[in-house]
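Since the structure comes first, as structure tokens, the remarks are kept for the end.
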Amino acid sequence: METQIFPCFYMLFAVAKFHSVTLFCPKDKKLVKETLISPLAITFVGDKKILLIIDDEKEVHELIREYLGPVNAEIYSAYNGEEGVKLYKELMAKNKRPDVVVMDLNLSGSRRYEDLKKQMIGKVMDGVKATEELLKIDKNANIIGFTAYAHLEWGKKLKKVGAKKVFGREIGFDGFAKAILKIISAPAGI
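For the sequence shown, the residue numbers in our numbering are 1394 to 1583.
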């Protein structure tokens, strides 16, 4: 085991086995916390984060919430692109700008080829179109793709229109949660 020192107001993030972590405040040089943490036993000190999940699958929302459970965050859910754009506007109006938006590509609620194709060609709002709309509202929106279609041209298009990163579902919810935790713990976002 190795001891690491982190300044106050930073999230502690363990990516491997258990680590001994010491948290202190450089300003007054006081010890805040020393503990053993595991990869999913995350301690977050500081401002509450705001996350918006835009995905058509309720189970995905539940799993993301569960894996990000230890984070000091308000997590909002939208189940299609239109609802996501509307909710983002409402949050902005309440001075609750999301720190991260988790965006799926397929927002149709269907896996049928015809429905996927309508989204891919822009007839129905998909994650790409929703991302474009969010960036019209807030050019600095932190949009992170999490989709089964990341490896397709469709996934590349999401990145091209402004998503900061696009992760395939094959990284799993554990891997995705770790990536999101790194993003929201960075001093300037991504």
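Glycine included, C-beta positions come from ideal geometry on N, C-alpha and C.
In chain order, what residues of the same chain lie with their CB nearer than 6 Å to the CB of residue 1476, ignoring the 5 residues before and after it? none
For the region 1537-1549 and the region 1558-1576, state whether three or more C-beta atom pairs, one from each stretch, are separated by less than 8 Å. yes
Give a yes or no on contact between the region 1449-1464 and the region 1477-1487, applying the rule of three or more CB pairs nearer than 8 Å. no
From residue 1479 to residue 1491, what distance separates their C-alpha atoms? 13 Å
Grab me the residues of residue 1449's own chain with a C-beta within less than 7 Å of its C-beta, minus the 5 sequence neighbours each way, in chain order. 1472, 1473, 1497, 1499, 1500, 1501, 1502
Taking buried to mean at least 16 other C-beta atoms within 10 Å of its own C-beta, is residue 1544 buried or exposed? exposed
Over the uninterrupted alpha helix (DSSP H) stretch that includes residue 1538, give me the two end residues. Where residue 1538 is concerned, there is no enclosing alpha helix (DSSP H), although the beta strand (DSSP E) it sits in stretches over 1536-1540.
Which whole-angstrom value is the C-beta distance of residue 1548 and residue 1536, which I expect to be below 8 Å? Residue 1548 to residue 1536, Cβ: 13 Å. No contact.
Please state the DSSP three-state secondary structure of residue 1462. coil
For residue 1378, three-class secondary structure by DSSP: Summary: the structure shown does not reach residue 1378, with the chain confined to residues 1394 through 1583, and so no result is reported for it.
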